[in-house]
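Contents: one structure, followed by commentary.
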């Protein structure tokens with residue numbers, strides 16, 4: 001078997017050619033529809049798609065100048081013509097004459113035309129037979145593609161600006177970036193932009209070499225993608241699996257720097273640090289630098305904000321602050337800029353053409369809301385970067401159906417709150433984040449009248465408590481399959497309640513001659529803190545069992561904060577009452593935090609806070625020791 005190349009650079013470079021403009025008839029036929037594609041498509045190997053790209057895309061020519069009509073040969077044989085001048089891509093690839101004159105269209109087919117047609121049919125047959133080969137191994141066709149492109153890039157560089165034809169001639173750059181952009185008008189005057197009915201065409205951006213190097217060869221890239229969808233995607237499903245595989249298998253797709261960045265961010269989110277390794281790895285710096293570069297080149301896309309969300313998830317999981325807080329806020333601003341937060345606002349992105357794509361954007365924005373609330377649990381008093389969703393906002397639909405491209409009804413937020421309404425794991429996670437945001441906003445709002453303040457706190461407790469007690473019954477019998485997703489929503493709801501109880505349990509903060517609801521809420525907080533600290537301990541026990549059975553790869557970062565709050569509460573109970581049972585429960589939570597630290601370093605930070613601060617009561621020099629350990 002031929003060797004696999006050392007770098008995927010040729011893959012991205014060869015795929016970066018400009019696609020031919022689709023026929024008007026196809027454009028008119030586009031509508032938002034369901035991608036009813038079999039899940040088998042998600043398991044297709046990347047290698048056949050690379051071979052398709054090598055056959056179809058390697059000889060594409062510049063599309064800066066286009067003919068008004070298809071060339072004579074393509075029109076006569078009813079083939080797609082990209083109308084490139086002086087010769088179309090198909091004629092160049094097959095090696096036949098290309099003529100755009102009207103006289104040539106009236107002539108009868110020549111013997112050369114039939115020879116070219118036979119050659120094309122043989123080529124297509126070879127392509128089909130290649131696709132039927134097993135997916136686990138590279139074929140000789142893709143090996144030849146890699147070797148030829150590797151030699152070309154070694155001689156001429158790996159950018160999209162230089163394109164070689166079949167005979168080795170150098171052509172002009174594929175994409176011109178000198179055309180004026182509509183982005184300034186979009187931001188300076190939305191009304192003029194809307195009335196002008198302009199559409200923003202994003203430039204092609206060459207993938208940075210550092211990102212291509214970090215992805216490795218095509219086999220390593222495929223392993224990264226499959227590993228991501230079996231781990232992080234289980235509890236943070238913001239990337240459409242079926243759309244990603246369709247893009248990779250589409251010979252007319254033109255992946256650029258944003259796709260390369262997304263792959264590297266997926267790799268970063270899955271990366272498990274070695275013992276003693278700092279979270280600010282070379283891969284982390286490369287991904288951050290690539291993101292900044294692509295954004296500076298106006299490469300705004302869904303893949304860009306997805307990459308930023310995965311970067312923020314990594315930073316939250318490893319306690320990289322203030323970077324995590326700033327990344328989440330930046331993701332919110334980026335979503336606002338692109339218009340994915342609302343359907344009826346000016347859009348930078350093209351309107352989605354399928355339901356799967358529309359659902360993907362909804363999930364991306366919910367991820368922004370989720371991280372925006374989660375990152376503010378321990379840093380209260382700051383405004384959110386994203387507004388609270390309205391009650392008629394639709395939650396994400398069923399996760400498995402979306403992965404397969406099967407359209408289902410997405411219930412509004414208020415409707416899905418009912419215990420009798422079925423909701424997906426990610427939808428429940430978004431619900432929990434929504435209530436967490438309500439609680440954080442309530443605690444930070446100093447303008448509320450006293451009567452209304454305690455009444456609102458009681459209502460928030462009732463609503464969040466109902467969801468928190470419902471969620472454990474939503475995981476079903478097979479805990480391992482639901483562990484990453486539903487356990488995240490359970491932990492977030494527990495964190496929300498413990499945060500609320502922490503604000504109202506302290507008797508020293510009671511307001512003299514306060515309303516009767518103040519005492520009622522204080523009793524609810526004291527009792528609730530004990531009840532839900534114990535429920536968090538039970539969740540930690542399930543997590544420990546599942547880690548021992550399944551490993552750490554699927555461990556959601558969202559469960560760790562609840563473990564910390566419960567451990568801090570038990571440490572306080574031990575200091576106040578020396579209750580031995582609380583000491584045992586504290587030890588159980590500390591043990592689980594130690595296990596989680598092997599995957600997410602934020603757990604180690606929390607473990608240090610519990611030991612140095614809450615157990616010993618040292619709020620001064622002990623904090624310096626905890627910070628030094630990180």
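Residue numbers (full-length UniProt numbering): 1 to 630.
The beta-carbon is built from N, C-alpha and C at its ideal position, and this holds for glycine as well.
Exposure of residue i, with buried meaning 16 or more beta-carbon neighbours within 10 Å
i, result
"residue 163", "Because the pLDDT of residue 163 is 37, which lies under 50, any placement of that residue in the model is unreliable, and the question is left without a value."
"residue 49", "Here the model assigns residue 49 a pLDDT of 42, short of 50, so the residue's position is not dependable, and the following value carries that caveat. Counting Cβ neighbours within 10 Å, residue 49 comes out buried, since at least 16 surround it."
"residue 492", "buried"
"residue 309", "buried"
"residue 615", "buried"
"residue 397", "buried"
"residue 275", "exposed"
"residue 267", "buried"
"residue 423", "buried"
"residue 286", "buried"
"residue 509", "exposed"
"residue 189", "exposed"
"residue 272", "exposed"
"residue 343", "exposed"
"residue 198", "exposed"
"residue 617", "exposed"
"residue 345", "exposed"
"residue 348", "buried"
"residue 96", "buried"
"residue 548", "exposed"
"residue 459", "exposed"
"residue 82", "buried"
For residue i, the first and last residue of its enclosing alpha helix (DSSP H)
i, result
"residue 599", "Here residue 599 belongs to no alpha helix (DSSP H), and DSSP marks it neither H nor E."
"residue 281", "That residue, residue 281, is in no alpha helix (DSSP H); it is neither H nor E in DSSP."
"residue 549", "516-550"
"residue 269", "257-270"
"residue 402", "399-404"
"residue 213", "209-215"
"residue 190", "190-195"
"residue 307", "302-317"
"residue 233", "232-235"
"residue 98", "From DSSP, residue 98 is part of no alpha helix (DSSP H); its letter is neither H nor E."
"residue 574", "560-577"
"residue 468", "450-470"
"residue 229", "218-229"
"residue 78", "Taken as a continuous stretch (DSSP letters only), residue 78 belongs to no alpha helix (DSSP H), as it is neither H nor E."
"residue 247", "241-249"
"residue 93", "89-94"
Residues bridged to residue i (per DSSP)
i, result
"residue 442", "According to DSSP, residue 442 bridges with nothing at all."
"residue 66", "84"
"residue 330", "Bridge partners of residue 330: none, in fact."
Anticipated Cβ contact below 8 Å, residue i with residue j, distance rounded
i, j, result
"residue 430", "residue 370", "6 Å"
"residue 311", "residue 385", "So it is not a contact: roughly 15 Å between Cβ atoms."
"residue 208", "residue 290", "5 Å"
"residue 485", "residue 235", "5 Å"
"residue 307", "residue 262", "5 Å"
"residue 541", "residue 588", "7 Å"
"residue 239", "residue 233", "7 Å"
"residue 304", "residue 258", "5 Å"
"residue 454", "residue 518", "5 Å"
"residue 495", "residue 436", "7 Å"
Beta carbon of residue i nearer than 8 Å to that of residue j
i, j, result
"residue 497", "residue 465", "yes"
"residue 395", "residue 432", "no"
"residue 331", "residue 368", "yes"
"residue 363", "residue 237", "yes"
"residue 489", "residue 559", "no"
"residue 569", "residue 521", "no"
"residue 90", "residue 74", "yes"
"residue 211", "residue 269", "no"
"residue 320", "residue 279", "yes"
"residue 603", "residue 596", "yes"
"residue 298", "residue 407", "no"
"residue 335", "residue 366", "no"
"residue 584", "residue 563", "no"
"residue 450", "residue 383", "no"
"residue 470", "residue 373", "no"
"residue 389", "residue 434", "yes"
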